[in-house]
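Take a look at the structure set out below.
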Ligand SMILES: CC(C)(COP(=O)(O)OP(=O)(O)OC[C@H]1O[C@@H](n2cnc3c(N)ncnc32)[C@H](O)[C@@H]1OP(=O)(O)O)[C@@H](O)C(=O)NCCC(=O)NCCS
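Residue numbers (the numbering used here): 34 to 263.
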């Protein structure tokens with residue numbers, strides 16, 4: 034697939050319009066704004082490279098969405114501060130970095146995550162999945178390149194990235210359940226919904242308002258969550 038087609042595939046993970054950018058190799062050494070430099074000053078080279086790629090991809094996506102170019106600084110909790118009238122999300126994993134940006138007229142929040150397709154390690158399995166997640170996965174079909182616990186890890190991270198900026202509330206993986214659907218016709222893509230199991234945690238909108246989509250390409254899995262504007 035071409036880069037443009039891959040970026041369209043990333044944008045299709047969201048139910049409202051988003052601009053997507055996948056970082057090319059140059060973006061991993063892209064220059065940073067002074068404010069961004071200050072944030073990453075003490076980081077090891079690998080972290081600096083992924084951070085630079087994320088900022089460069091975010092700026093390109095922001096420009097495509099009609100936003101102005103400027104620093105995208107992070108709060109102390111690491112969440113990026115998007116310019117007024119926009120929201121977005123950044124993800125990186127081995128050999129891949131991408132960002133999506135939506136206009137606030139379309140979405141109140143977006144969350145985006147990519148992971149290597151390899152299965153979730155046994156030690157993480159029970160930290161990420163609730164017993165009811167595991168029962169649900171047993172009812173799902175086998176799909177090459179899709180490990181349901183790994184997809185749950187990604188789906189919950191995407192949900193968190195969408196949920197957090199509006200609540201500033203931390204959520205552990207076992208505080209939410211995820212329910213996947215699979216697109217008919219054998220495609221490696223589908224949807225998902227999230228249930229917030231810890232009812233003490235804030236939920237500003239109904240959980241069903243957070244709409245998840247997933248896809249897999251054999252190399253990686255990708256998830257996106259949209260909170261459409263109410
Ligand atoms: C932040 C987190 C979700 C993803 O981080 P990661 O494993 O490094 O994965 P990714 O590369 O896909 O995403 C990192 C990017 O997410 C963004 N991010 C970090 N914290 C965020 C937050 N609280 N809200 C929204 N976005 C956030 C940042 O842009 C970050 O990249 P950057 O530091 O280069 O800017 C994860 O580290 C974390 O803290 N998880 C615990 C909470 C959780 O996931 N709960 C799930 C149950 S709902």
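No residue lacks a Cβ here, since even glycine has one placed at the ideal position from N, Cα and C. Predicted model only: the values in this text are computed from it and were never measured.
In whole angstroms, what is the alpha-carbon distance linking residue 117 and residue 228? What you label residue 117 is simply residue 84 of the chain shown in a count that begins at 1. What you label residue 228 is simply residue 195 of the chain shown in a count that begins at 1. Between residue 117 and residue 228, the C-alpha separation is close to 29 Å.
Local conformation of residue 242 per DSSP, three classes: As a working note, residue 242 is residue 209 in the chain shown. DSSP places residue 242 in helix when its eight states are reduced to three.
Quick one: what does DSSP say residue 186 is sitting in, helix, strand or coil? In the chain shown, residue 186 corresponds to position 153, counting from 1. In the three-state reduction of the DSSP assignment, residue 186 falls in the helix class.
How many Å lie between residue 202 and residue 260 at the Cα? Residue mapping note: residue 202 aligns to position 169 of the chain shown, counting from 1. Residue mapping note: residue 260 aligns to position 227 of the chain shown, counting from 1. Whole-angstrom Cα-Cα distance: 16 Å.
Kindly examine ligand 1 and report whether one of its heavy atoms sits closer than 7 Å to the Cβ of residue 198. By 1-based counting over the chain shown, the position of residue 198 is 165. Yes, ligand 1 has a heavy atom inside 7 Å of this Cβ.
Residue 249, buried or exposed, once every other Cβ within 10 Å from all chains shown has been counted against 16: By 1-based counting over the chain shown, the position of residue 249 is 216. Residue burial is scored here from C-beta neighbours: residue 249 has at least 16 other C-beta atoms within 10 angstroms and is therefore classed as buried.
Quick check on this structure: which residue in 97, 226, 115 and 204 has the alpha carbon closest to the alpha carbon of residue 241? Numbered from its first residue, the chain shown carries residue 241 at position 208. Measuring C-alpha to C-alpha distances from residue 241 to each of 97, 226, 115 and 204 identifies 226 as the nearest.
Just to check, is the beta-carbon of residue 158 closer than 7 Å to a non-hydrogen atom of ligand 1? Here residue 158 is taken as the residue at index 125 of the chain shown, counted from 1. Outside the cutoff, so no.
Taking DSSP as the reference, what is the three-state secondary structure of residue 236? Walking along the chain shown from the start, residue 236 turns up at place 203. Three-state result, residue 236: coil.
Opposing strand residues paired with residue 247 [DSSP bridges]: What you label residue 247 is simply residue 214 of the chain shown in a count that begins at 1. According to DSSP, which records beta bridges pairwise, residue 247 is partnered with 223 and 256.
Identify whether residue 133 lies in helix, strand or coil by the three-state DSSP scheme. By one-based count along the chain shown, residue 133 stands at place 100. Note: residue 133 maps to strand in three-state DSSP.
Using a Cβ distance threshold of 8 Å, determine whether the region 203-211 contacts the region 123-132, with at least three qualifying pairs required. Not touching, per the Cβ criterion.
Spatial distance of residue 100 from residue 151 (CA atoms): Taking the chain shown and counting its residues from 1, one reaches residue 100 at position 67. Taking the chain shown and counting its residues from 1, one reaches residue 151 at position 118. Going by the C-alpha atoms only, they are around 36 Å apart.
Cα separation between residue 105 and residue 66? As a position in the chain shown, residue 105 is number 72, starting the count at 1. As a position in the chain shown, residue 66 is number 33, starting the count at 1. Near 8 Å, if we compare the C-alpha coordinates of residue 66 and residue 105.
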